[in-house]
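The numbers in my numbering rise by one with no breaks, and the one at position 233 of the sequence shown is 796. By construction, the Cβ of each residue, glycine as well, lies at the ideal position given by its N, Cα and C atoms. The structure displayed is predicted, hence computed values, not measured ones. I have placed the structure first, in the form of structure tokens, so that the comments after it can refer back to it.
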Amino acid sequence: MRRTDGRVEEIGDPTVVSLTDAGYRMFYDQRQQRVNFSGLRVGDVLEVAFVRRDTALRNKFDDYFGEMVPLEGFEPQLLREYVLEAPSSRKLYFNQPVEQEPGPTKETVRYRVSMGERRGIKPESGMPGWTELVKYLHVSTFSDWDAVGRWYWNLVKEQLVVDAKIKAAVQDVLKSLPKGAGERDKVRALYKHVITSTRYVGLEFGIHGFKPYRTTDVYDRRFGDCKDKASLLKVMLAEAGIASHLVLVRTRDQGTLGATPASLSAFNHAITYVPSLDLWLDGTAEFSGPEELPTGDQGATVLVVRDGKGAEFKTIPVSLPGDNKQIVHQTVELKPDGSADVKHLFTVTGASAASWRSALQAAENRKERLTQVWGGQFPGLEIRELEAPNIGDVLHPVQIRSAWSVPAWAQRQGDVLRFNVLGHRTGLQRGLAGQAAREHDLVMAAPATEVNVIEVTAPKGYTFGQSPAGKSFETPFARFTLDVAGRGDRVEVRTELEYRTHRFKAADYRALREFLGQVDGALEQAFELRPEPRGAN
């Protein structure tokens, strides 16, 4: 530690911790050393230097070495330097120019890269992954992605086996399908079988951080991590005559990756790809349907391992707005005191369906959970009836039918009843784009469409005297429409909000805020109900 008065002090309290996290069902044989620096004062300069050497008798990756190292971070820095010492006979590939110098022996060489003064990355909610924000070094011994694919296939191919138990399970699944079921139906059924018959548990010991366990062991134990489940699904599909590939994934939260160099160190996940259907299947997504790929996989950098014939480096497409829909259909019977009886139908398709299935899997607390969710919009809401058919079946959309009592759908002001377009305030701008400005792109889960259809009947003796004006706003990245129809004692409201992209560039952030502000303004328009004139029929 270099103090502002020129003194140099040795500080730091090191501890060694296990990387195992039982809460996430991930178990490792690795340890991590952490150093706590107490007593820091404004103006101090902290200098940290360490050496990491490979001292094992045998490299568990054979002749492969790969690493990704950030050269800057969230903290301000004066200098960061990375030095790699390697055999001079071994060809290494880098994602940027590096300095080369002789090593301590004739058989070694040193590669050096430095990053000077940086102010530090400003953290923001919804920011892209780290490789899109910082300078980093990526080094590998692989010359290209085909070499990575062949190496990984040779590592895993002997683990992809079937036995009588797996064969019988596949036949049982296929027999449960209607006669003449097509390939997609078979894939959907086998995917459902894998995610429901195996739990997610990762035993990341030694080489098994990259190498799956034997598929027969995975099925016997009924648990595995991402690559175990992907491998099991692959062999079950093969048993049904359907070709598929293992896919190494760099999940979207980690940031995209440049095409060079090729290495294994970039990836942190594994799934399965069915080329005949262009279908990506994540065996760890235990509440997602086969067409509901988790958003962490969408837009992710991946390597499709082509069963010994090399590999394909690519990006998984992001779903379309129409693939991810939330539709609310409400029938509202208003009462003279502003309360209402509401029939509510809620349908969810696409990526967000998994979170609803997960939250509502226990029937005994569904009403309590949904009261908390919807009660935030309608204080005092009471759910009188609730149905969630097929909520546990990933092959069906989420659909929730309910009947509510709402104490204050409308606000009474003298003889007049007033309520907003949706019966509640929205706050879209505050929720999605609350910051006045951003430095980084804003990343949402997925493009999506939200539809509301609300039919409101006035209390007996009342009529609608004022209704909101229809609105329509459109930008390259989002679209909104509000339509109001009806007269007398009945109206129908229809709104549609479409997010056409999952990623909003920082340069478009102000326009996004303006758009959401316009939508909020449209939805904060009020209906006004007045007593019918005396003598009216």
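- GLU644 is the residue among GLU644, LYS872, LYS790 whose C-alpha sits nearest the C-alpha of LYS698.
- Shown here for LEU1092: same chain residues with a beta carbon closer than 8 Å to its own, the five before and five after excluded, namely LEU897, ALA973, VAL979, LEU980, ARG981, ALA1021, PRO1022, TYR1025, THR1026, PHE1027, GLY1028 in chain order.
- In this structure, LEU696 lies away from GLN659, with their beta-carbon atoms at least 9 Å apart.
- The stretch 986-996 makes no contact with the stretch 944-964; the number of CB pairs closer than 8 Å stays below 3.
- Contact between the stretch 664-680 and the stretch 788-807 is absent: fewer than 3 CB-CB pairs across the two stretches fall below 8 Å.
- Counting the other CB atoms within 10 Å of its CB gives ARG815 a total of 16 or more, which places it among the buried residues.
- Per the DSSP secondary-structure output, VAL891 pairs in a beta bridge with PHE909, ASN1015.
- Within the same chain, ILE834, TYR836, VAL865, VAL867 come within 6 Å of VAL810 by CB-CB distance, once the 5 residues on both sides are set aside.
- The beta carbons of VAL1006 and ARG1066 sit about 5 Å from each other, so the pair counts as a contact at 8 Å.
- HIS756 carries a helical assignment under DSSP once its states are collapsed to helix, strand and coil.
- Rounded to the nearest angstrom, the Cβ distance from PRO1010 to PRO884 is 4 Å, consistent with a contact under 8 Å.
- Close CB contacts of ILE1017 within its chain, under the 6 Å cut and outside five residues either way in sequence, are with GLN893, VAL1056 (chain order).
- DSSP places TYR1072 outside any beta strand (DSSP E); the residue lies instead in the alpha helix (DSSP H), whose first and last residues are 1072-1086.
- Selection GLN1081, GLY1049, ARG1076, VAL1082 evaluated against PHE1090 yields GLY1049 as nearest (Cα-Cα).
- Judged by beta-carbon spacing, LYS730 lies within the 9 Å limit of GLU802, meaning their Cβ atoms are closer than that value.
- Sequence-distant partners of VAL881 (beyond 5 residues in either direction) whose C-beta falls short of 7 Å from its own C-beta, in its chain, are GLN861, GLY862, ALA1009, PRO1010, HIS1065.
- Distance between ASN887 and VAL1082, taken at the CA atoms: about 20 Å.
- Counting C-beta pairs closer than 8 Å gives fewer than three between the stretch 939-946 and the stretch 1031-1043, which falls short of the contact rule.
- Taking 4 residues as the minimum length, the alpha helix (DSSP H) runs contained wholly in the stretch 754-826 are 778-784, 789-802, in order along the chain.
- Assignment of GLN659 by DSSP, reduced to helix, strand and coil, places it in the coil class.
- The beta carbon of LYS797 sits closer than 7 Å to the beta carbons of LEU723, SER807, LEU809, THR835 from its chain, once the five residues preceding and following it are set aside; these are given in chain order.
- According to DSSP, PRO577 shares a beta bridge with VAL598.
- Separation of the CB atoms of THR761 and VAL781 is rounded to 7 Å, and the pair is thereby assigned contact status at 8 Å.
- Assigned with DSSP and collapsed to three states, SER651 falls in coil, not helix or strand.
- The DSSP-derived three-state label of LEU991 is helix.
- The Cβ-Cβ distance between VAL957 and GLN1088 does not fall below 9 Å.
- Only buried fits SER851, as 16 or more other CB atoms lie within 10 angstroms of its CB.
- DSSP places THR934 in the uninterrupted alpha helix (DSSP H) bounded by 929-938.
- Cα atoms of SER677 and GLU630: separation of roughly 16 Å, rounded to the nearest angstrom.
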